[in-house]
Every structure is written in C-alpha cells, then in structure tokens.
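Be aware that the sequence shown starts at 21, since it is given in our numbering, and climbs by one per residue.
The beta carbon of each residue, even a glycine, is placed where N, CA and C say it ideally should be.
First the structure, in the form of structure tokens, and then the observations on it.
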Amino acid sequence: MQPTTQDIECDILVLGGGLGGCAAAIRAARQGHKVCLTEANPWLGGQLTAQGVSALDEHQYIEHAGTTALYSELREQIRNRYRERYQLSDKALAAPFFNPGDNWGNHLCCEPRAALAALLSMLLPQIEAGRLQIFYHAHLLSAELTGTRINTVTVAQPDFTRQLRFHAAYYLDATELGDLLPLLESPGAHDTPSQQTDGPHPTAHLTFSYPFAVDFRPNEKHTIPTPPDYAYNREHQPYTPSMHYGEHEQSNTLFTPVEGLPGPLWTYRRILAAEQFAPGQVAGDVSLVHWAGTTLGEGNLIDADPETRIALLQRAKNLSLGLLYWLQTEAPRDDGQGCGYPELRLRPDIMGTSDGLSQTPYTCQSRHIIALRPLDEQSLRGSSDTDPRAAFFADSIGIGHLPSDKHGNTTPLTANSTKAFQIPLSALIPTTIDNMLPACKNLGISHPLSGLFRPHPIEWNLGEAAATLASFCLKNNAKPQTVVTNETLLQTFQIQLLQQGVPIHWYTDLPTDHPAFASAQLLAIKNLWPGEANHLHFNPDQLLSDDEVNKHLQIAEINADGTPPLSRGELARLIAGQRFGLNAQWELPGG
C-alpha cells in the first residue's frame, strides 16, 4: 500500500526529542515560533528518560551556577514531581537541595518517569498555546535541498504507512546519532568518528549500553534465566563490583561502605531512596545499574547497516542482563557468606519496558557537522596550566565543565581532567548548509571530545542555544554564518542569550538570577573585565576602592566623576549599561 503524505509547515522543525531537542522546542516556542518536534520513541527526554540515565551527569557547581536558567527549571520541576506526589522525610526537608535518590555519584537522581513528567510539564503550555506540535514514532526518511538550503524533511509514522513532509525555515538536528546529516547530499555536511584524524585512534568509536534498575527484596529470589552469551561476557567484560577509571581501580562493594570510598555501589546511582520520604511512602530503594559492566565496545552503531545494528543492540542487551545475572548468582557477597544476591529484582516498570532494560540504548557518540571552527582537544585546552578556565572564545554561547570521559572501543574507560570551558558558536555553524543547526552532541567536535559534550546540562545548553540562534536569525533576517562573523549581530545575540539566563563565561558565584549576571558575563566576553586567572569567582558583592573603580572605568572608556562606593557587581552593571545599553534589571522570560 502506498503511504499517504501530509504536508506540514512550521517555523522551526526539531528532529529528535532528547534533552537537546526538548530544550530547543521549549525555547523556540517560548520565543513565539510555530515549532514541530519529532521523536522516534514513545518517550521524550532521550538519555534522561528513554535511555534510562536518570542520574544527571553534572558538575559540582550545578546547584548555584554554571548552567542555563531553563535547565535549572527542569531540575526544579523534577523535584516538584516528588514534592507533589509524596510526603518528604525530615531529612529530605532539611537538606539544602532535595535529591530523591540521595546518592553519592550525582547531585540529582530520579525515576525516568518523573523526569518525563517534568519535561511534559514544560512542553504542555506551548502545546496549549498552539505553538508546538509533537509527532511520536516518527522516523527520518529523506531531506530535499536546493543549493545550500533544506526545503523539506520527510519522516514516516507509524509503521511507515504515513509520511509527514515538513516545510520549515530552520531544521534542528537533535537526533541521538545525527541522523539528518547523512541525508544532506552536500559535500562536507558531516563526518563520523572513523573519518576523523584527531588523536591516535582515528577509527575509535564510543560504547553504548542498556541501563536497568533494581530493588532489593530480602528473603526473596528473583534470579533471571541465564542470558545468551553469558559465559563469553563474564570472561571478556569483565563483570566486577570494582570501578575502573583510567589506570586506577576502586575495589567497591554492593551494600557495605568501604573506608576511603564515598559509599557502596548500591547508593552510587540510587534513583529512589526510601529514607527521603515519610514512612510508608516508598516501598524501598531503587538503584540504577549503569556501570562499566553494561557498556558494549564492540561494533559501531553509527556506521552499521540495519541488520548489523539489530544484532549489536541485542548484544548490548545480553551484556546488561548478564551483569544482572552475575550479580544475582556470582557476585561476592559483602558478608563473605557465599556468592550472589538473588534478592535483587529487575524493575521493568521503572524503564517502561517488558525486558527491564532502557527503551533505547544510551549512546555517547554521534555524527558531527563540519563546522566553521571545529573543536578538538588542543583548541579547547587554553594557554595556561594554572588557569581554571579553558580556551577563551569570544563567540561563546554556553559553558560546561566535566572530565572528558573516553568510553572507547580501543581503550578502557578513561577520564582526562578538563577545565571549565566555553562552547563557541562557530562550532555549531555548518559550512555548507544555511538553515540547519545541530541541537545535540552533533556539533563540530573531534572524537576525543565526544564524552565532554554528552552530559545532561551541556546537551540541554546546545539545544537551547541552537533554537535561540534560529529564532534570532528569523527575527533579524540573518544567516547563522553571518551572526558568528558580524560583531554587532554576535553581540546582540549573546545579550539575548544572557537575558534568557544562558551563561557564556565561567563564574561560579553568579547564578542566572543575580542582578549582575548578564553584565559581568558580557564584560568578560568583551574582554573589558576578564575573569581572574586563578579562580572562577567574580565576587559581585565585594566593595571596590576608588582606584579600582577608576581603573575599570578607564578600561571601559567611561567617564563617571563622583561615583559612590560600588561593589564589583554594581560597577559591572553600570559599565554594561553605559557601554552596551544592557538593562541592569533584566528579567527571565516566563513564556
């Protein structure tokens, strides 16, 4: 039967409903645009929901600074899901920052469904306002181009019996593997890890995995049947409670604390802790198993043909189920009394699947655009070993900070220490397509940096920035390539990001709602008041001497005789207001 085709027009089409895609859709719709969002799976949220990684991978400053206001809103919405549904314990109420999982590996953990509900609560107002449409079970089919512009993108849904042909002004690729890029028949539209030469392993690719959740049922037996390939996986993975990180190995236990370690594996990525809730509210703890033992390093999902991809996915599922079986039958018990924890129960309800594994695999790698200014480890490193900030980018559109994890097929899990870094706009601009932008981890970076751009807040930042750029270009009749090269347009765009609460320079003591946030950020980007070379603080409340005030005014070329005593934050607002017309009393758009 010939599939039916429906034509749909919108301002911005977001392909992929992961974190980057959701951030892009919310931001573009709040800007007043007509937005369409497509997703191949039944759940939006990507790594946070369908991929099962609901232990948010964040830096140590996340509760105060270092992320966008919109991402902080998501975190608060997640917490609100539990506040509205449960009665919290005194311990949880007394904590400065409520964490439903009360774990030691992350600042915030939750059940995937709670994260999904939080995302939907942010998307729903845009749907009700008629600005956003969501299309589930939508699989990319084709793209039609004329010269350097995409005319249409076609997806199929469901079961390929109906096709949707989208006509948009801008197309944002937020798919997990950069699936729009190979459909663009334009030289240099994208590359894959195997095409890159940065570093000693040009054929390397990242691992992928199927996380799962378990609870512990004393005096019960929940051992699963022996999974396929178990003997092979047990010997080659290997399955172990130890945590390998580069050349170091941490010998851990499942439940008993070990001296010198933050806690046992059970609480490492615990996503639900009974002690965070009043008695009787929660039946027991639930822990996320997303360890090295679940990660498959054989095969390449990106370059695989459909048959090979199906086989690889099944191989990864067997690997994860094998780890569970090993924990239930062979893992050394903490008390030394035999082996195995048959009390561990797989929780399919947590992941929303029949087999108990995540709905889709957690993937770190993606195809990448060929960008105006691609990033590699050298360009990100910076000039000074003592400066806590990485390389300075005057076209910054966001920030990030995490170890550069390398989950590779050619090396074990490693982590190189990285500095607090900026995300340059030029790494988001394709060289050959005018109206397409990456909105996920598919920006123009080299393979070794892939692990650096996959954490939850960074992926969100990328999607939000891409949508803001598309909106900016539509409202100013400009091309993305022009914004990055035109100083006036770039400055105006960066001010818009700051007014939305998107940090573009690293300060750990300037939350997005601080009166001096936008001013201090802008002055740093314009190199009128750069950050200190030995710390990440701005110290906005610190009073300045008359000489210090005059020094900064002279640098900014501002005459202000008789200036009263000012703090650093107050002076930053004064300078930014006079030099750039920045409204010191800016507000976050509520949308």
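With the cut-off set at 7 Å, would you say residue 99 and residue 118 are in Cβ contact?
Residue 99 places its beta carbon less than 7 Å from that of residue 118.
Spatial distance of residue 173 from residue 180 (CA atoms):
Whole-angstrom Cα-Cα distance: 15 Å.
Classification of residue 199 by the beta-carbon crowding that lies within 10 angstroms, buried from 16 upward
The C-beta of residue 199 has 16 or more other C-beta atoms within 10 Å across all chains shown, which makes the residue buried.
May I ask which residues mark the beginning and end of the beta strand (DSSP E) holding residue 308?
Boundaries of the beta strand (DSSP E) harbouring residue 308: 306-309, taken from the DSSP string.
Using 10 angstroms around the beta-carbon of residue 144, count the other beta-carbons present and answer buried if the total reaches 16, otherwise exposed.
Burial state of residue 144 is exposed, judged by a 10 Å Cβ sphere holding fewer than 16 other Cβ atoms.
To which residues does DSSP link residue 456 through a beta bridge?
For residue 456, which the question treats as bridged, DSSP gives the partners 191.
Taking the C-alpha atoms as reference points, what is the distance between residue 262 and residue 353?
If you draw a straight line from the Cα of residue 262 to the Cα of residue 353, it is about 13 Å long.
Helix, strand or coil at residue 256 according to DSSP, with G and I counted as helix
Looking at residue 256 - three-state DSSP - the assignment turns out to be helix.
Nearest-angstrom Cα separation, counted from residue 411 out to residue 542
Straight-line Cα distance between these residues: approximately 17 Å.
Mapping DSSP to helix, strand and coil, what is residue 476?
Here residue 476 sits in helix by DSSP.
Near residue 290, what residues of its chain come up, given a Cβ to Cβ distance below 8 Å and the 5 sequence neighbours on each side ignored?
Cβ within range, chain order: 121, 122, 123, 129, 305, 306, 307 and 308.
Could you check where the beta strand (DSSP E) with residue 153 kicks off and where it finishes?
Residue range 152-155 is occupied by the beta strand (DSSP E) that includes residue 153.
Would you list the one or two residues that DSSP bridges to residue 229?
DSSP output for residue 229 lists 315 and 382 as bridge partner(s).
Limits of the alpha helix (DSSP H) - the one that residue 139 falls within
Element bounds for residue 139: 132-148.
Is residue 447 helix, strand or coil when you go by DSSP?
Correct three-state label for residue 447: helix.
For residue 234 versus residue 366, is the C-beta spacing smaller than 7 Å?
For residue 234 and residue 366, yes; Cβs fall inside 7 Å.
Exposure of residue 633, with buried meaning 16 or more beta-carbon neighbours within 10 Å
This structure does not reach residue 633, given that the chain is present from 21 up to 611, and the question cannot be answered.
When the Cβ atoms of the segment 110-117 are set against those of the segment 514-523, are three or more pairs found closer than 8 Å?
The segment 110-117 makes no contact with the segment 514-523, as fewer than three CB pairs between them are under 8 Å.
Beta-carbon contacts of residue 102 that lie in its chain and below 7 Å, excluding the five residues immediately before and after:
120 and 134, listed in sequence order.
Reduced DSSP category for residue 352 - H, G, I as helix; E, B as strand; rest coil
Of the three classes helix, strand and coil, the one that applies to residue 352 here is strand, per DSSP.
Helix, strand or coil, according to DSSP, for residue 74 in the structure here?
Residue 74 sits in coil when the DSSP states are folded into three classes, being neither helix nor strand.
Do residue 33 and residue 188 have their beta-carbon atoms positioned less than 7 Å apart in this structure?
Their beta carbons are under 7 Å apart, which means residue 188 touches residue 33 by this criterion.
Going by the CB atoms, is the gap between residue 194 and residue 459 shorter than 7 Å?
Taking the C-beta atoms as reference points, residue 194 is found nearer than 7 Å to residue 459.
With C-beta atoms as the reference, is residue 414 less than 7 Å away from residue 464?
It is not a contact, given that the beta carbons lie outside the stated cut-off.
Please classify residue 30 as buried or exposed, where buried requires at least 16 other C-beta atoms within 10 Å of its C-beta.
Counting other Cβ atoms within 10 Å of its Cβ, residue 30 reaches 16 or more and is therefore classed as buried.
CA-to-CA distance, residue 441 to residue 81, given in whole angstroms
So the two alpha carbons sit approximately 14 Å from each other.
Just the Cα atoms here: how many angstroms apart are residue 494 and residue 394?
Looking at the two C-alpha atoms, the distance is approximately 25 Å.
Could you tell me the alpha carbon to alpha carbon distance between residue 66 and residue 57, rounded to whole angstroms?
Looking at the two C-alpha atoms, the distance is approximately 13 Å.
Which whole-angstrom value describes the C-beta separation of residue 274 and residue 285, a residue pair presumed to lie in contact below a C-beta threshold of 8 Å?
The pair is a contact, with the Cβ atoms about 5 Å apart (cut-off 8 Å).
Leaving aside the five residues before and after residue 164 along the sequence, list all residues of the same chain whose C-beta is less than 6 Å from its C-beta, in chain order.
Around residue 164: 171 and 172.
Distance check for residue 592 and residue 625, CA to CA, integer angstroms please.
Missing from the structure shown is residue 625; the chain here goes from 21 to 611 and no further.
Using only the alpha-carbon positions, how far apart do residue 93 and residue 42 sit?
Rounded to whole angstroms, the gap between the alpha carbons of residue 93 and residue 42 is 13 Å.
Give the secondary structure of residue 369 by DSSP, where H, G and I count as helix, E and B as strand, and everything else as coil.
The answer is helix: DSSP assigns residue 369 an H, G or I state.
Please identify the residue among 536, 382, 75 and 62 whose C-alpha is closest to the C-alpha of residue 589.
Considering only alpha carbons, the answer is 536.
Could you tell me the alpha carbon to alpha carbon distance between residue 445 and residue 457, rounded to whole angstroms?
Rounded to the nearest whole angstrom, the CA to CA distance from residue 445 to residue 457 is 11 Å.
Measure the Cβ-Cβ separation of residue 238 and residue 363 and say whether it is below 7 Å.
For residue 238 and residue 363, yes; Cβs fall inside 7 Å.
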